[in-house]
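So the sequences go chain by chain: A and B. Taken in order, the first sequence gives residues 1 to 616; the numbers are from the UniProt record's numbering. Taken in order, the second sequence gives residues 1 to 556; the numbers are from the UniProt record's numbering. Read through the structure below, which is laid out as structure tokens, and then see the notes.
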Amino acid sequence: MGRDARPKKSLGASLHSRIKESRVLMVGAGGIGCELLKNLVLTGFGEIHLVDLDTIDLSNLNRQFLFGMQHIKKSKAIVARETAGKFNPNVKLEAHHANIKDPQFNVKWFKGFDLVFNALDNLDARKHVNRMCLAAYVPLIESGTTGYHGQVQVIKQGETECYDCNPKQVPKSFPVCTIRSTPSQPIHCIVWAKSYLFAEVFGTSEDSSTELDQGQNEENAQEIANLRREASELNSIREKMDSPDFAKCIFEKVFGRDIDRLLSMEDMWKSRKPPTPLDHAKVLEEASGIGPEVAREDQKTWCLAENYAVFADSVKRLSQRMLELKAKAKEGDAPPILSFDKDDEDTLDFVAAGANLRSHAFGIELKSKFDIKQMAGNIIPAIATTNAITAGLCVLQAFKVLRNDLQSGKMVFLAKNSDRAFNAEKLAPPNPECQVCGVARVSVEANIAVATLGDLIEKVVRTELGYGEDISVLTSQLLYDIDYDDNLDTPLKELGFEDETFVTIVDEEEGEGVVPRANLEIVVTHSEELADETITVPEKIEIPRKPKRSTAPEETTGEAIKHALEDNEDGGVAKKRKLNDGLTFIEDRPNKKRAVVPDADADLIVLEDDGAITID
Amino acid sequence: MASTAPSGMPSSKEKKYDRQLRLWGADGQNKLEASHIALFGASAAGCEILKNLILPGIGRFTIIDDKKVEESDLGVNFFLDDDSVGKSRAERTAALLGELNPDVEGDYIEDSFSNLVATKPELFQPGWTPFTHIIVVSPFNTDDVLKLSPEIPTFLVHSIGSTAMLRISASTRCVVDTHPDTLIDLRLLNPWEELSAMVAEKTKDLGIAEKDGGMSDHEHGHVPYVLLLLKFLEDWKAAHGGNPPSTYAEKNAFKDMIRNSMRMDVPGGSEENYEEAIAAVLKNIRAAEISSHTKAVLEDPRCINPTPECETFWIIAHAVREFMNRDDQGAGLLPLSGGFPDMKAESSTYVALQNIYRSRARRDATFVHENAKAVLRKLGRDPELITLDEVSLFTKHANFVRRINYRTIAAEYNFPPDDFHKKAVTSALQSYNAEWNPSLIYDYVALRAWQEYYSKIGQLPGEDDNYLDSDIREQMRITAVDYLSSIGYQSNIDHRLDQMLQEIIRAGGSELHVIASLIGGIVAQEIVKVITSQYVPVNNTVIFDGIKSRTSVFEF
Ligand SMILES: [Zn+2]
């Protein structure tokens with residue numbers, strides 16, 4: 001019996017040959033990715049492309065078995081190809097050490113695949129691939145795990161829900177005043193230590209950090225101004241980095257004087273427990289005799305003196321690194337900075353001790369370094385077993401797709417529940433209100449250096465497609481609406497267009513008996529060959545009208561669903577998802593701005609990425 | 001003196017295992033590292049299971065297999081390469097799997113399961129065996145697995161075409177750290193003195209407007225919802241003959257009562273703490289109930305009469321039982337978990353309230369600890385054997401502890417079958433419905449027929465092309481029907497059985513890599529649960545259908 005004999009027998013000849021002829025793309029070569037690639041190679045998929053930007057880290061090795069110690073810091077995509085490729089010489093493997101959002105991976109490139117697998121770890125890239133697959137009409141198998149939980153979903157334009165049909169949990173952000181002035185939970189102090197203290201002393205300063213919600217109002221404008229001043233004072237302490245008193249300088253400023261200043265704002269503490277400034281001399285004395293090795297006890301909650309010892313020692317280590325970087329820097333180089341990395345012990349020690357010292361001053365519970373690492377680094381637990389199960393389910397769903405049998409495709413949820421390993425549900429149809437897949441699509445070509453926004457709107461949108469006056473045109477920003485026509489004469493390139501750009505047209509026509517068109521997504525591809533402002537439109541298409549809005553159910557419906565859930569805690573993930581579905585109707589009317597831009601900034605708020613499902 | 005060497009560097013092992021330590025902690029990891037897993041059958045499924053155990057760092061593994069590597073193995077087993085063809089399958093897979101993790105020691109024995117069971121019984125004897133856990137992957141003879149000791153945790157695995165099955169057998173598992181979704185227990189219907197005192201203090205001006213000397217809007221909007229609920233419960237009870245709201249209608253009326261005292265003329269039109277209180281009514285206004293699992297533990301003879309040799313689990317369970325029975329301790333209630341939710345509150349009030357729950361939990365754990373010491377003394381054991389930490393872990397999970405009595409494999413294969421087995425299979429067959437309850441019970445019946453065919457004939461059904469599939473199917477169908485009548489099932493047999501027989505015969509005993517990989521994940525997950533004594537392992541059979549991506553769990 002040859003290598004192929006067994007798979008052929010079990011799968012049946014026709015599916016087996018379809019698998020052999022298929023060309024698939026795998027985005028992400030992490031935990032699920034390693035398993036998936038192994039499965040795809042051994043199942044005999046004809047041609048597999050993998051894309052991953054990451055390099056291999058020690059903490060990957062407990063599950064990403066295509067990598068070994070000798071591969072640390074190398075490209076995941078390239079090493080995965082080398083390791084897995086050996087196991088089936090008949091499979092063509094191509095690896096790209098690149099970002100899937102790079103322009104080379106355009107809609108045309110996606111169209112070259114029969115199937116795409118998402119094995120990603122972040123919301124932003126997932127949403128991107130979802131959109132590309134929808135635009136290219138390529139089926140997508142989306143997957144993710146966290147701890148013992150996992151999820152697999154088949155997505156196809158027009159036939160199933162897409163990744164964005166259900167709103168995703170938005171990462172949490174904190175008001176700047178909570179972080180800087182009135183913390184009440186350990187996480188507030190951890191964010192403070194990481195995004196403020198560390199950034200000001202060793203990294204890039206606050207204005208460029210996005211973890212804080214800078215939204216301000218009249219009321220706290222004064223306080224924000226104070227905080228700005230405080231930050232720049234701290235930033236200037238950097239100059240004393242080569243002084244033996246550097247740790248003392250930082251300590252006395254942030255745990256002494258800054259807290260005294262906060263205390264002086266009596267209004268703030270009328271109904272809150274006021275903080276207590278820390279006395280450097282006293283803490284220093286208590287900490288004498290505590291060696292830096294206490295930092296190794298990462299499961300223990302350190303006392304004040306131990307936190308001080310770790311703080312002082314990590315300041316010493318980080319300053320030393322900065323000074324070495326400075327010494328090496330050439331003239332004209334940007335001043336060196338350090339950035340927080342949960343796996344970089346020096347930075348983690350500084351943040352852990354800094355957060356705990358602040359917690360101490362504010363009477364907040366202290367945390368162990370182990371816990372702080374998880375909270376500061378947005379760590380998602382990950383193990384081999386869940387990845388193996390999830391990747392296996394991805395391939396089984398791929399079989400359905402290759403058989404053109406989406407009817408029996410499934411959305412599968414994995415739970416740690418011992419009564420059943422997982423729940424499978426029929427695939428849901430697209431959400432007609434979804435702003436990502438519920439759009440009409442058309443592709444055009446233009447020379448973006450010459451053609452203007454006015455050309456696009458007049459020639460394509462109005463003349464070819466028959467839109468009226470009242471429309472909005474958006475990319476990641478609003479380009480045009482009836483009250484904003486400043487950009488009409490601007491060439492597309494100057495409006496941020498690239499080789500391939502998605503433009504959304506929203507029909508704003510309103511009135512008695514008028515049903516506006518569904519949103520239209522135009523993919524504008526740049527073409528050097530077009531010498532003038534001509535824009536080529538392939539064929540005339542009919543833009544469907546918006547689906548009739550479902551009338552919002554009375555509020556009690558939402559309540560009733562909630563109760564059903566509360567009373568049935570064993571509902572599992574599946575039920576919860578249904579709950580979300582039910583509640584989406586209650587949301588506001590879709591907002592066109594939110595519609596087009598899957599909030600790109602959201603991902604930068606690092607604390608709690610994408611909630612339930614995240615892979616590694 | 002200044003050194004840039006990071007003094008806080010954890011060992012590289014901790015770094016490597018960081019992502020899983022967050023699931024099972026150092027204790028779970030130590031237990032993993034102390035295990036020695038035997039794998040009988042270096043099939044694709046077997047190797048995938050081991051892969052998922054070697055990666056997280058078990059201590060040792062031994063692979064037992066007597067076959068030589070064939071070219072067709074390469075198409076399904078990732079842990080064999082071109083150079084392996086013709087060599088010992090045990091040796092080659094042990095070598096390639098061993099490369100996955102230098103911290104794990106690997107070994108192999110080139111021999112068959114049947115032969116070892118017959119010639120080296122000491123390998124399978126509790127007290128003698130070097131193996132802590134045994135995995136046996138099909139094909140195996142039923143008679144051979146019946147010789148395995150029920151004391152050693154054993155995992156029987158089938159992976160045939162699109163179908164896979166796991167059967168777990170082990171001595172009783174006692175799990176404390178079950179990782180329930182929540183440990184929060186507010187005891188709203190059983191407040192104690194300190195809690196009631198805080199309610200009185202923090203809610204005394206609740207109904208008074210600020211202008212009349214009552215609370216400011218800020219204070220009113222920051223009374224923690226737990227205190228609100230306790231306060232309104234007192235009011236409710238006063239008006240209802242001392243009874244708390246119990247029916248759905250009463251709970252709704254209780255919610256209205258809370259809603260009516262919310263201040264509406266505040267920014268946003270409502271108060272978050274009141275909203276939280278209303279949302280918590282259905283879930284939290286209920287009598288402290290003891291879960292059926294905990295009851296099973298407390299009623300177990302091992303709990304009622306612990307012995308000088310028994311596990312500490314039973315001593316602590318006994319101490320908890322005593323705690324509940326004593327009026328000066330639990331007075332009928334389990335020890336408090338101490339779990340406390342987040343809520344809208346001033347941080348100082350929140351911390352004070354949280355401390356009331358925590359000190360109560362600590363008080364309860366200390367009582368249990370004292371009881372446990374007394375039992376140890378009475379049994380002539382070291383009274384310091386059980387630490388307060390161990391007791392606290394138990395009392396924290398008191399309502400979630402599990403005792404799993406695994407049925408033996410012999411009990412499942414008994415002829416004639418025992419009543420438990422008969423009832424389990426018959427009731428699953430009776431409730432089967434292709435539309436709305438498509439459980440995998442017929443897959444089980446088909447796999448039993450497969451197992452019997454192999455054990456009797458020594459050949460995989462469908463493996464030899466000289467036999468017609470239809471003949472084999474007929475033969476297996478007769479076996480299946482015989483089995484069904486042996487358990488007393490005479491009713492109608494669903495078409496699913498024939499479908500399944502056809503499926504597994506068509507596979508001819510061949511594995512499909514993706515199914516092997518998937519069941520490899522499921523089996524390894526259960527083994528990790530059993531080794532670490534954390535989370536609740538399956539009791540005792542899980543079947544997977546790769547065509548519909550479904551699983552069923554049965555106790556046979
Ligand atoms: Zn959608």
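Yeah, the Cβ is synthetic: ideal placement off N, Cα and C, and Gly gets one too.
(1) For residue 107 (chain A), which residues in the same chain have their Cβ closer than 7 Å to its Cβ, ignoring the five residues on either side in sequence?
(2) How long is the line joining the alpha carbons of residue 402 (chain A) and residue 524 (chain B), rounded to whole angstroms?
(3) Relative to the C-alpha of residue 356 (chain A), which candidate in A:115, A:140, A:477, A:190 has its C-alpha closest?
(4) Ignoring anything shorter than 4 residues or poking outside the stretch 228–287 of chain B, list the alpha helix (DSSP H) runs there in chain order.
(5) What I want to know is whether the C-beta of residue 165 (chain A) ends up closer than 7 Å to one or more non-hydrogen atoms of ligand 1.
(6) Which residues in the same chain as residue 437 (chain B) place their Cβ atom closer than 6 Å to its Cβ, once the five residues preceding and following it in sequence are excluded?
(7) For a contact meaning CB atoms closer than 7 Å, what does residue 395 (chain A) contact in chain B?
(8) Nearest chain D C-beta to residue 2 (chain A) closer than 8 Å, yes or no?
(9) Cβ of residue 430 (chain A) versus every heavy atom of ligand 1: is any distance shorter than 7 Å?
(10) Looking at chain A, which residues of the stretch 32–56 of chain B have a Cβ within less than 9 Å of any of its Cβ atoms?
(11) Below 6 Å CB to CB, which residues in the same chain sit around residue 406 (chain B) once its five sequence neighbours on both sides are set aside?
(12) Jot down the residue ranges of each uninterrupted beta strand (DSSP E) in the stretch 395–436 of chain B, minimum 3 residues, whole runs only, in chain order.
(13) Name the two residues that bound the continuous beta strand (DSSP E) containing residue 441 (chain A).
(14) Taking the alpha-carbon of residue 370 (chain B) as reference, which of B:337, B:416, B:341, B:322 has the nearest alpha-carbon?
(15) Do we get a CB-CB distance below 8 Å when we pair residue 78 (chain B) with the residues of chain A?
(16) Specify the secondary structure class of residue 12 (chain B) as computed by DSSP and reduced to three states.
(17) Do you know how far the Cα of residue 70 (chain A) is from the Cα of residue 15 (chain A)?
(18) Considering only the alpha carbon of each residue, which of B:456, B:484, B:462 lies closest to residue 444 (chain B)?
(19) Could I get the ranges of all uninterrupted alpha helix (DSSP H) runs contained in the stretch 442–528 of chain A, with 4 residues as the minimum, in chain order?
(20) Can you look up residue 374 (chain A) in the DSSP assignment and give me helix, strand or coil?
(21) Would you say residue 559 (chain B) reaches chain A, if we count a Cβ-Cβ gap shorter than 8 Å as a contact?
(22) Is there at least one non-hydrogen atom of ligand 1 closer than 7 Å to the beta-carbon of residue 249 (chain A)?
(23) Using the beta-carbon count (16 or more within 10 Å), is residue 593 (chain A) buried or exposed?
(24) So, using beta-carbon positions, are residue 554 (chain B) and residue 446 (chain B) closer together than 8 Å?
(25) Span of the alpha helix (DSSP H) holding residue 163 (chain B)?
(26) For residue 383 (chain A), count the other beta carbons within 10 Å of its own beta carbon; 16 or more makes it buried, fewer makes it exposed. Which is it?
(27) Closest Cβ-Cβ distance between residue 72 (chain B) and chain A: below 8 Å?
(28) Report yes or no: do three or more beta-carbon pairs, one from the stretch 108–118 of chain A and one from the stretch 61–68 of chain A, lie closer than 8 Å?
(29) Could you check if residue 506 (chain A) is buried or exposed, using at least 16 other CB atoms within 10 Å of its CB as the buried criterion?
(30) So for residue 73 (chain B), helix, strand or coil by DSSP?
(31) For a contact meaning CB atoms closer than 7 Å, what does residue 147 (chain A) contact in chain B?
(32) Please state if the CB of residue 98 (chain A) and the CB of residue 53 (chain A) are separated by a distance shorter than 8 Å.
(33) On the DSSP bridge assignment, give the partners of residue 140 (chain A) in chain order.
(34) How about residue 58 (chain A): is its C-beta nearer than 8 Å to some C-beta of chain B?
(35) Please confirm if residue 556 (chain B) has its CB atom under 8 Å from at least one CB of chain A.
(36) As a quick exercise: from A:92, A:82, A:122, pick the residue whose alpha carbon is nearest that of residue 101 (chain A).
According to the structure shown:
(1) 132, 135, 136, 500, 523
(2) 29 Å
(3) A:190
(4) 248–260, 272–284
(5) yes
(6) The answer, listed in chain order, is 431.
(7) 514
(8) Absent from the structure is chain D; the protein chains it does hold are A and B.
(9) yes
(10) 44, 48, 51, 52, 53, 54, 55, 56
(11) Result list for residue 406 (chain B): 169, 170, 540, in chain order.
(12) DSSP runs (the beta strand (DSSP E)) wholly in the stretch 395–436 of chain B: 402–404.
(13) 440–446
(14) B:322
(15) yes
(16) Helix, per DSSP.
(17) 38 Å
(18) B:484
(19) none
(20) helix
(21) Only positions 1 to 556 of chain B appear in the structure, and residue 559 (chain B) is not among them; the question remains open.
(22) no
(23) The pLDDT assigned to residue 593 (chain A) is 26, lower than 50, so where the model puts this residue is not dependable; a value taken from the coordinates is nonetheless given after this. Answer is exposed; the Cβ neighbour count stays below 16.
(24) Against a cut-off of 8 Å, the Cβ pair of residue 446 (chain B) and residue 554 (chain B) comes out as no contact.
(25) That residue, residue 163 (chain B), is in no alpha helix (DSSP H); its beta strand (DSSP E) goes 163–169.
(26) Buried: at least 16 other Cβ atoms inside 10 Å.
(27) Yes, its Cβ sits closer than 8 Å to a Cβ of chain A.
(28) Between the stretch 108–118 of chain A and the stretch 61–68 of chain A there are fewer than three inter-stretch CB-CB distances shorter than 8 Å, so the stretches are not counted as touching.
(29) buried
(30) helix
(31) Within 7 Å Cβ-Cβ: 23.
(32) yes
(33) A:116, A:155
(34) For residue 58 (chain A), the nearest beta carbon of chain B is closer than 8 Å to its own beta carbon.
(35) no
(36) A:122
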